[in-house]
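Protein sequences, first through last, are from chains A and B. Quick note on the numbering used here: the first sequence kicks off at 1372 and runs consecutively. Quick note on the numbering used here: the second sequence kicks off at 1372 and runs consecutively.
Protein chains: 2
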Amino acid sequence: MDIRERKMKILHAIIKDYIATAEPVGSRTLAKKYNLGISPATIRNEMADLEEMGFLEQPHTSSGRVPSDKAYRIYVDQLMKVEKINKVIEETINKEYESHVGELDKIISQTSKILSNLTNYTSLALTPQLCSASIKHIQLVPLQEDKILMVIISKEGVVRNVVINIDKKINSDTLIKISNVLNELIRRSSILQFEQEVFDILNVLNEEERILLRDIIPIIKDTLSNNDGIKVYTNGITNIFNFPEFKDLEKAKEFIDLWEQKNILVQLLSSGTDDGINITIGSENKMDEVRECSLITATYQLNGRTLGTIGVIGPTRMEYSRVVGLLNHLTGQLNELVKRTLID
Amino acid sequence: MDIRERKMKILHAIIKDYIATAEPVGSRTLAKKYNLGISPATIRNEMADLEEMGFLEQPHTSSGRVPSDKAYRIYVDQLMKVEKINKVIEETINKEYESHVGELDKIISQTSKILSNLTNYTSLALTPQLCSASIKHIQLVPLQEDKILMVIISKEGVVRNVVINIDKKINSDTLIKISNVLNELIRRSSILQFEQEVFDILNVLNEEERILLRDIIPIIKDTLSNNDGIKVYTNGITNIFNFPEFKDLEKAKEFIDLWEQKNILVQLLSSGTDDGINITIGSENKMDEVRECSLITATYQLNGRTLGTIGVIGPTRMEYSRVVGLLNHLTGQLNELVKRTLID
DNA sequence: TGTTAGCACTCAATAGTTGTGAGTGCTAAT
DNA sequence: ATTAGCACTCACAACTATTGAGTGCTAACA
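Okay, structure coming up:
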């Protein structure tokens, strides 16, 4: 048997055991529980090596070993076998979704619930972000003499309201004209760089109206670039209390404090670069507050365009194989539901 | 000295002490700290009486006394002296508000922050609810052939979007006609009982359009009656960890779980009947989850109409006098700011 | 040379023990 | 009526074994 392979086998066993028990795992237990065919003493030697290589850590001299973030990384990339969803779970999920067809927000919120229920971790789900490519229609509504309401509607059915203050009084004819121009710009998909290329459209506007339009465009840009419109659904925050690594009140507090700032959560979930499933383990996280957590995220799509993110956060000792399996399945379902909801 | 008055004096001292220390207070400490002019033994006798009367409780035989909810009630109603805001705090508040003029949501969210910062309790703040009396304008926007977007705008500047699915295709002329009728109904403030009295308005519509209108009205009613549009801003959830009464993880968990359901929070804050300041102490709460908490709420108004609620939640051993003082001042400021924001 | 049994040592966690102090209620004296 | 004095209670903190799962090292073995 290749020496390398044996080390990996031992590492794999340690990780599995630690994920299940949260107790530092020792050589004797390991030999007893997993039929590795070698004695505790040999395992001890291998463990010492693995520790030197940075895969294991020892909380104190006379305790077992605990996997490091590096170990989880190798586990996630090479060792683990993604769990397949079983029939019962599959049906549970379908049932949970049943009552929520038709409204995107409800579907996303329900997804978050399902995630936390089935994983016992804390779940997050983001509604789609508005982006320039997805704008379908812009409507300007007069509010008061010097205030207009801009309603931006995306192809995905996301609606955003922005109140715009203006210097002068405007009448509704002007608004309609400007609305038309805006929507024409949208049709030509050049709303963000309109200045260079669309003089022909602007011809219908007089000087005053052009100025107003010029004021409105940056507001649209702003609206698209900020996260205010994204809703964050979250469930199972207090699940972290179930994990011994958070029985320290200070840590629990830090974790829960995160949840007060939507922005941080959005940033956290948006940091995964790939489409598909993204795993960030402990110290790999950019944010200090989650350096002892792992984050598994997945995206949902419509026609190949990424709309939003869902994810699960928990201790680094996370059941990666189970969560990844679940997320795989769930994004499939979600994509399907989103498609049906938004196209119908 | 009247015997009644002496008892009250002792009770007052016990409550003040317990609010400050969270420790059961005994006769000796009481005599030493507060110059009551009587000996510990006398105090003991009085305390025994007060316990019998239901104002005090004894965690165990050989410990001091703890005030009951009934005691806090009498404290809040008769004994306490509402604390006046001091200059430093006042200026802090003004500074905190400074950067947030102009947007109602920001002002409310900032209020929540101020509340939790200055009290060290958990704060809540609700944005205004939509109600029929406050609708200013309704706009129907075509989304897809069989979908329309209804934008409801209130006098307070609150905007709500509702997507409406309809059976048939509709053209934009129909939408404009119906919009006009709706807004005419609003002007006559009879949108919710339109059937009886407004036949003259309906004359402009043909049969098909009337059916559509009849479908839309209940959706408006629904939208007005449900809480979906209310935003709940909350800060300082983890402040409860500072209180010894929540060092029991189970209790902390129960408390934090509350915060996942917006509906519960809205219900909680809306339960106060009076305008002005409302105090609910421990077991007076209707909801089990907050039976060990006290809730102090206040409302903010515009032109005499209550728009929303702000409040603070914490252990029954709350610094009522300080919080009430702060809320008094804060609602004043808030009303002023709201007025400026919404009228300008 | 890799593997393993044996041994002395480490250290967190648990349970038992004891002392301390703030509290009480009761009684008798003021 | 008030209070000093006294015996009693009980949570809490500090201390002291005891236990047990773990280690590293060494020497013997295949």
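Glycine included, each C-beta is placed from N, C-alpha and C at the ideal position.
Original post:
Looking at chain B, which residues of the stretch 1614 to 1637 of chain A have a Cβ within less than 7 Å of any of its Cβ atoms?
Top reply: Leu-1620, Lys-1624, Ile-1627, Asp-1628 and Glu-1631
Subject >> CB of Leu-1640(A) within 8 Å of CB of Thr-1680(A), strictly >> reply: yes
Original post:
Going straight from the alpha carbon of Ile-1667(B) to that of Asp-1476(B), what length do you get?
Top reply: When rounded, the distance between both Cα atoms is 21 Å.
Original post:
Can you find a C-beta in chain B that's less than 8 Å from the C-beta of Lys-1710(A)?
Top reply: no
Original post:
Does the beta carbon of Met-1689(A) fall short of 7 Å from some heavy atom of the ligand PLP?
Top reply: Of the ligands one can find in the structure shown there are none, so the ligand PLP has no counterpart to examine.
Original post:
When DSSP labels each residue in this structure, what does Pro-1499(A) get in the three-state scheme?
Top reply: Pro-1499(A) falls in the coil class under three-state DSSP.
**OP:** In the DSSP assignment, find the beta strand (DSSP E) that holds Pro-1513(B) and state where it starts and stops.
**Re:** 1506 to 1515
Original post:
Between which two residues does the beta strand (DSSP E) carrying Asn-1542(A) extend?
Top reply: Run containing Asn-1542(A): none; DSSP gives neither H nor E here.
Original post:
Along chain A, in chain order, which residues have C-beta atoms closer than 8 Å to that of Asn-1532(B)?
Top reply: Val-1522, Val-1530 and Asn-1532
Original post:
Hey, does Thr-1335(B) have any beta-carbon neighbour from chain A nearer than 8 Å?
Top reply: Because chain B spans 1372 through 1715 in this model, residue 1335(B) falls outside it and cannot be assessed.
Subject >> Leu-1553(A) - DSSP class collapsed to helix/strand/coil >> reply: helix
Original post:
Does DSSP classify Leu-1407(B) as helix, strand or coil?
Top reply: coil
Original post:
Would you report the Cα separation of Asp-1628(A) and Ala-1669(B), rounded to the nearest angstrom?
Top reply: 25 Å
**OP:** Return the CA-CA distance between Leu-1401(A) and Lys-1657(A), expressed in angstroms with no decimal places.
**Re:** 34 Å
Original post:
Whose CA, out of Ser-1692(B), His-1700(B) and Leu-1701(B), lies closest to the CA of Val-1447(B)?
Top reply: Ser-1692(B)
Original post:
Looking only at its own chain, which residues have a Cβ that is under 8 Å from the Cβ of Ile-1509(A), when we skip the five neighbours before and after it?
Top reply: Met-1521, Val-1522, Ile-1523, Ile-1524, Ser-1550, Leu-1553, Asn-1554, Ile-1557 and Ile-1591
Subject >> Proximity of Thr-1493(A) and Asn-1610(A) at Cβ, strictly below 8 Å >> reply: Contact: yes.
**OP:** Determine the extent of the beta strand (DSSP E) in which Thr-1432(B) is found, giving its start and end residues.
**Re:** Element bounds for Thr-1432(B): n/a, residue is neither H nor E.
**OP:** Below 7 Å CB to CB, which residues in the same chain sit around Gln-1429(B) once its five sequence neighbours on both sides are set aside?
**Re:** Leaving aside the five residues that flank Gln-1429(B) on each side, the residues in its chain whose CB is nearer than 7 Å to its CB run, in chain order, Glu-1422 and Arg-1436.
Subject >> Start-to-end residues for the alpha helix (DSSP H) that takes in Ser-1470(B) >> reply: Where Ser-1470(B) is concerned, there is no enclosing alpha helix (DSSP H), given that its DSSP letter is neither H nor E.
**OP:** Consider the Cβ of Thr-1609(A): report whether some Cβ of chain B lies at a distance smaller than 8 Å.
**Re:** yes
Subject >> Beta carbon proximity, Asn-1597(A) to chain B, threshold 8 Å >> reply: Cβ-Cβ to chain B under 8 Å: no for Asn-1597(A).
Subject >> For Pro-1615(B) and Ala-1393(B), believed in contact at Cβ under 8 Å, the rounded distance >> reply: The Cβ separation is near 5 Å, so the contact holds.
Original post:
Between Phe-1426(B) and chain A, is there a C-beta pair that is closer than 8 Å?
Top reply: So no, Phe-1426(B) is outside the interface.
Subject >> Sequence-distant residues of its chain with Cβ nearer than 8 Å to Leu-1713(B) (five each side left out) >> reply: Leu-1475, Lys-1526, Glu-1527, Gly-1528 and Leu-1673
**OP:** Please work out which residues of its chain come closer than 8 Å, Cβ to Cβ, to Gly-1696(A), disregarding the five sequence neighbours upstream and downstream, and give them in chain order.
**Re:** Val-1453, Glu-1454, Lys-1455 and Ile-1456
**OP:** Can you have a look at Val-1512(A) and say buried or exposed, based on whether 16 or more other CB atoms are within 10 angstroms of its CB?
**Re:** buried
Subject >> Leu-1497(B) at chain A interface by Cβ criterion, 8 Å >> reply: no
Subject >> Residue environment, Gln-1638(A), which counts as buried when at least 16 other CB atoms sit within 10 Å >> reply: exposed
Original post:
For Ser-1494(B), does the three-state DSSP call read helix, strand or coil?
Top reply: strand
Original post:
What is the DSSP secondary structure of Met-1521(A), counted as helix, strand or coil?
Top reply: strand
Original post:
In chain order, what residues of the same chain have a beta carbon less than 6 Å from the beta carbon of Asn-1536(B), not counting five sequence neighbours either side?
Top reply: Lys-1518
Original post:
Nearest CA to the CA of Gly-1643(A): which residue from Trp-1630(A), Thr-1605(A) and Val-1683(A)?
Top reply: Val-1683(A)
**OP:** Just tell me which of Thr-1545(B), Leu-1678(B) and Gly-1607(B) has its CA closest to the CA of Glu-1578(B).
**Re:** Comparing alpha-carbon positions, the option among Thr-1545(B), Leu-1678(B) and Gly-1607(B) lying closest to Glu-1578(B) turns out to be Thr-1545(B).
Subject >> 8 Å Cβ cutoff, Leu-1556(B) in contact with chain A >> reply: no
**OP:** Would you mind working out which of Ser-1596(A), Ala-1496(A), His-1431(A) and Asp-1619(A) sits nearest Ile-1506(A), comparing C-alpha positions?
**Re:** Looking at the Cα atoms, Ser-1596(A) is the closest of the given residues.
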